Structure formats: C-alpha cells, structure tokens
Ligand code: ADP
Ligand code: MG
C-alpha cells in the first residue's frame with residue numbers, strides 16, 4: 003500500500019465525470035456528470051437500467067478506460083491524468099475486478115489464473131499466495147483444473163480469488179451473479195462479502211438484485227448519465 007493510499011479515507015473521488023464513445027454513427031454520451039465519493043471500507047451497490055453506463059463507470063474506476071473529462075482519483079492515483087505506465091501499475095496494485103462472465107484464461111489452470119496478477123509484482127512466492135487465495139474460496143483442491151472443468155460458481159470463485167490475491171484497496175464487481183443460478187449466486191455472494199469484510203476491502207458492486215444491494219452499506223443508481231443516492235426503485239415509485 004502506498005502512503006497516499008494509506009492516509010486517505012477516500013478511496014474514490016469522482017467529480018463531473020463524463021464519458022463519451024466515438025462510434026461510426028456519431029458520439030454516444032454515456033456518463034454526463036458523475037459525482038461520487040466512496041470511503042474506505044464502504045460497500046456500495048450501483049443499480050441502473052441496462053445501457054445506463056454501469057460497466058462504463060466500473061471501467062473508469064478500474065483504470066481500464068479513461069474519462070472524456072472530469073476528475074477521478076482512486077486509491078490515491080489520479081486515474082484521469084495518469085500516463086499509461088502509471089495506470090498499468092495502478093491496475094495491478096490497487097484494484098481487483100470480478101466480471102459477470104468470469105473472464106478466466108481458458109488455457110491456464112485455476113492456480114495459474116489466480117497467480118497471474120502476482121507475476122507482475124515482486125515479493126513473496128506467487129504460487130504460495132495464489133494457493134492461499136484459492137483455498138480461501140474453497141477451491142484449494144481444484145488448483146490444477148482448467149476453467150472448462152469447473153462449474154460456473156467455481157469459475158466465479160476462482161475469479162474472486164484472482165481479484166483479491168493482490169489485496170487491492172478497491173474491489174469492483176460487475177453483476178457477479180448474473181451468470182449463475184440463484185442458489186449458486188447466493189453462495190458466491192456470501193463468500194464475496196465474507197472476504198471483503200475480512201480484508202476490509204472497499205467494494206463497488208453493480209447489481210440488478212435488490213436483495214444484494216440491501217447487503218451493501220450504500221445504494222446508488224445510475225440514470226440519465228448521473229449517479230443518484232438510493233435505489234432506483236424508490237425513485238421510480240415516487241415519480
Ligand atoms: P450497462 O453496464 O449499464 O448496461 P454500459 O456501460 O455497458 O451499460 O453501456 C452504456 C452505453 O454505452 C450503451 O449504450 C452502450 O451501447 C454504450 N457503449 C459501451 N461501450 C461502448 C463502446 N466501446 N463503444 C461505443 N459505445 C459503447
Ligand atoms: Mg454492464
């Protein structure tokens with residue numbers, strides 16, 4: 003953990019964040035003035051209609067894409083202005099991401115998938131840490147299995163181990179149960195929250211599930227290119 007990261011209780015600070023995509027059919031303006039502050043240790047649910055820009059927002063928070071304008075600081079890094087090498091360092095140290103479709107590398111075993119983020123970094127035995135992370139998601143015994151040999155729930159547990167193995171300041175999860183049946187999804191979520199709590203990681207979770215949002219310390223929804231406090235359901239009922 004760097005000193006700036008350690009000193010600040012604010013893990014995310016976004017101001018007037020805009021994101022547009024240039025397409026052949028013209029510019030698509032997705033985020034139009036997002037303001038967000040997330041404190042260390044908070045768990046934040048983000049809801050919003052399909053296409054409202056939830057994944058776009060996570061991609062910005064993860065440093066996978068850059069905003070068109072606005073300020074964005076995550077775990078002490080100025081993500082909006084950092085040069086690519088600093089962004090790469092930020093991605094490998096400060097954030098972990100869990101996707102709906104797991105995004106595991108098919109040709110690598112469970113252990114190798116989890117070890118991958120550590121191989122960019124120095125210190126400690128990557129295999130040992132990766133094995134501990136796999137063990138923490140209950141899959142130590144499946145370390146040598148490939149994604150195709152694992153169920154959807156098991157793949158997502160491997161992905162969670164991969165996201166947390168670097169002990170990131172911020173964990174991002176984009177509809178992590180969207181591809182799982184209800185029961186498996188519940189197990190995966192229980193595991194995710196237990197690990198987040200144990201590591202006192204900050205979580206930003208995109209979900210359509212009101213039950214899942216209710217487990218977070220805070221609920222936001224994205225509409226009209228901006229973030230609003232509360233669940234979209236309450237706003238819709240009042241409208
Ligand atoms: P959500 O995750 O809320 O469903 P997304 O962030 O994936 O929404 O997408 C928001 C909008 O941005 C959609 O209209 C989508 O088509 C558009 N979009 C996303 N990525 C791109 C891209 N790379 N190029 C052009 N348009 C994009
Ligand atoms: Mg999405």
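Numbering (this note's numbering), first residue to last: 3 to 241. Glycine included, each C-beta is placed from N, C-alpha and C at the ideal position. None of the values given here were measured: they were computed from a predicted structure.
Is any heavy atom in the ligand ADP found nearer than 7 Å to the beta carbon of residue 50? yes
Taking DSSP as the reference, what is the three-state secondary structure of residue 228? strand
Give me the residue from 214, 13, 69 with the minimum Cα distance to residue 32. Between residue 32 and the set 214, 13, 69, the nearest pair of CA atoms involves 69.
Does the Cβ-Cβ distance between residue 48 and residue 197 come in under 8 Å? In this structure, residue 197 does not lie closer than 8 Å to residue 48 by Cβ.
Mind reading off the beta-carbon distance from residue 191 to residue 159? Whole number of angstroms is fine, and I expect it under 8 Å. The Cβ separation is near 11 Å, so there is no contact.
Can you tell me whether residue 181 is helix, strand or coil according to DSSP? coil
Any contact of the segment 218 to 232 with the segment 60 to 75, i.e. 3+ C-beta pairs under 8 Å? no
Taking 7 Å as the line, does the beta carbon of residue 56 fall inside it for any heavy atom of the ligand ADP? yes
DSSP three-state assignment for residue 221, whether helix, strand or coil: strand
Any heavy atom of the ligand MG within a distance shorter than 7 Å of the CB on residue 176? yes
Cα separation between residue 114 and residue 145? 8 Å
Neighbourhood of residue 123 by C-beta, 8 Å cutoff - its chain only, sequence neighbours within 5 removed: The beta carbon of residue 123 is closer than 8 Å to those of 94, 95, 168 in its chain, skipping five residues each way along the sequence.
Does the ligand ADP have a heavy atom nearer than 7 Å to the CB of residue 25? Residue 25: yes, Cβ under 7 Å from the ligand ADP.
Please tell me whether residue 174 and residue 116 are closer than 8 Å, where the distance is taken between their beta carbons. no
According to DSSP, simplified to helix, strand and coil, what is residue 35? strand
Which residues mark the beginning and the end of the alpha helix (DSSP H) in which residue 87 is found? 86 to 96 is the span of the alpha helix (DSSP H), which, as asked, contains residue 87.
Check whether the segment 38 to 58 touches the segment 14 to 28, taking contact to mean three or more Cβ pairs, one atom from each stretch, closer than 8 Å. yes
Is residue 30 near the ligand ADP, in the sense that its beta carbon is under 7 Å from a heavy atom of that ligand? yes
Residue(s) in a DSSP beta bridge with residue 79: 76
Less than 8 Å between the beta carbons of residue 156 and residue 141, yes or no? yes
So, residue 212 versus residue 233, is the Cβ gap smaller than 8 Å? Going by C-beta atoms, residue 212 is nearer than 8 Å to residue 233.
DSSP three-state label for residue 68, please. coil
CA-to-CA distance, residue 50 to residue 225, given in whole angstroms: 6 Å
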